[in-house]
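Undergrad: Residue numbering for the sequence shown follows the UniProt record's numbering, starting at 1 and increasing by one per position.
All C-beta atoms in this analysis are idealised placements derived from N, C-alpha and C, irrespective of residue type, glycine included.
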Amino acid sequence: MRLLDEGGLRALTLRSVAQQVGVAPASLYSRVESVDDLFDLALDTALADDPVMSESIRNADLPALMHAFFAHLTTHRWAGQVIGMRAPRGPAYLALSERMCVLLEQAGTPDPLGTAYRLSNLVIGASLTAPMASDEKRVAIDPDQAPTYARLHATHHISPREILSDGLMALLS
């Protein structure tokens, strides 16, 4: 997790992990099939070690759970990228998925699993684009090329959390 938090996806290699834990790379190769196993372990460990996520999975309502997940993914920016590469199936992610489905079933949602996927995709996408929100206003839009977009862009306030909240309300309504 530390390698990923500090250096992103490219920082995680079997060799770099072996160095971090103080073993010979061959020792790690005998226990880990590939770097994908390390991604899976890091992804689930980060979620399990997040006290806000753990509490939210146990007790939060659905909007609060999704906001906690957003905060988790913006803290561990690599996590959304890893989820985009492979479906997380570790115990912590299964607990998150289970809680989402239970809450959606309790709310009478006709398709709890499909809605859980839609909510997750909204949160993952919002977390991946949140870091660039401050840059969005700095980029000039050519009004000759996109007049409506340029006009709206000039006056629109961009808040990743507000966008997430609006999206959650729309999906849950």
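#1: Pull up the CB-CB distance for residue 72 and residue 47, whole angstroms please, since I reckon it's below 8 Å.
#2: Mapping DSSP to helix, strand and coil, what is residue 143?
#3: Determine the closest residue to residue 36 out of 169, 152, 171, 17, with distance taken between C-alpha atoms.
#4: Report yes if the CB atom of residue 174 is closer than 9 Å to the CB atom of residue 139, and no otherwise.
#5: Please identify the residue among 24, 29, 119, 40 whose C-alpha is closest to the C-alpha of residue 86.
#6: Taking 8 Å as the cut-off, does the region 73 to 80 touch the region 116 to 134 (at least 3 CB pairs, one atom from each stretch)?
#7: Decide if residue 135 is buried, meaning its Cβ has at least 16 other Cβ atoms within 10 Å, or exposed.
#8: At a threshold of 8 Å, does residue 55 count as lining the ligand MG (C-beta to nearest heavy atom)?
TA: According to the data block:
#1: As a working note, residue 72 is residue 72 in the sequence shown. As a working note, residue 47 is residue 47 in the sequence shown. With a Cβ gap of about 7 Å, residue 72 and residue 47 count as contacting.
#2: For this step, residue 143 is matched to residue 143 along the sequence shown. It is coil, neither helix nor strand.
#3: Here residue 36 corresponds to residue number 36 of the sequence shown, with the count starting at 1. Restricting attention to 169, 152, 171, 17, the CA atom closest to the CA of residue 36 is found in 17.
#4: The question about residue 174 has no answer, for the chain in this structure spans 1 to 173.
#5: Working through the sequence shown from its first residue, we reach residue 86 at position 86. Answer by Cα proximity: 40.
#6: yes
#7: Along the sequence shown, read from residue 1 onward, the residue named residue 135 stands at position 135. Answer is exposed; the Cβ neighbour count stays below 16.
#8: Absent from the structure shown: the ligand MG. Ligands present: none.
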